[in-house]
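**Student:** The C-terminal residue of the sequence shown carries number 85 in the numbering used here, and the numbering is unbroken. In this text, a Cβ means the ideal position worked out from N, Cα and C, and glycines have one as well.
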Amino acid sequence: MTVNVCRDMLRKRKNVASLDDARMGVESTTEAGLVRDQQRRMVREALRALPERERAALTLRDLEGLSTGEVAAILGSTEATVRSQ
């Protein structure tokens, strides 16, 4: 159930991010802004390429800032598995 709630939250954030990206594409005329936009696109593409379980572990741990133990509890796995994902 927790994983589904997290997935729902991520779906909602994707919609918000795409609106932000659309705005940034118009406003980002500086080189730094363009580089930042490109980096965000690359990260999104890399995340999409991962299997769902690894994407969830990475998103929860590195993007949401949860501890390895919290991610393991949410995903129903061990901390070692989360670290390897």
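Distance, Cα to Cα, Arg-48 vs Arg-55?
**Tutor:** Each residue's Cα considered, the two are about 8 Å apart.
**Student:** Just tell me which of Arg-83, Thr-59 and Gly-76 has its CA closest to the CA of Thr-68.
**Tutor:** With distances taken between Cα atoms, Thr-68 lies closest to Arg-83.
**Student:** Assign Leu-63 to buried or exposed, taking buried as 16 or more other Cβ atoms, counted over all protein chains shown, within 10 Å of its Cβ.
**Tutor:** Its Cβ having fewer than 16 others within 10 Å, Leu-63 is exposed.
**Student:** Around the Cβ of Val-71, are there at least 16 other Cβ atoms within 10 angstroms (buried) or fewer (exposed)?
**Tutor:** It counts as buried.
**Student:** With 16 other CB atoms within 10 Å as the buried threshold, where does Thr-59 fall?
**Tutor:** Per the 10 Å Cβ criterion, buried.
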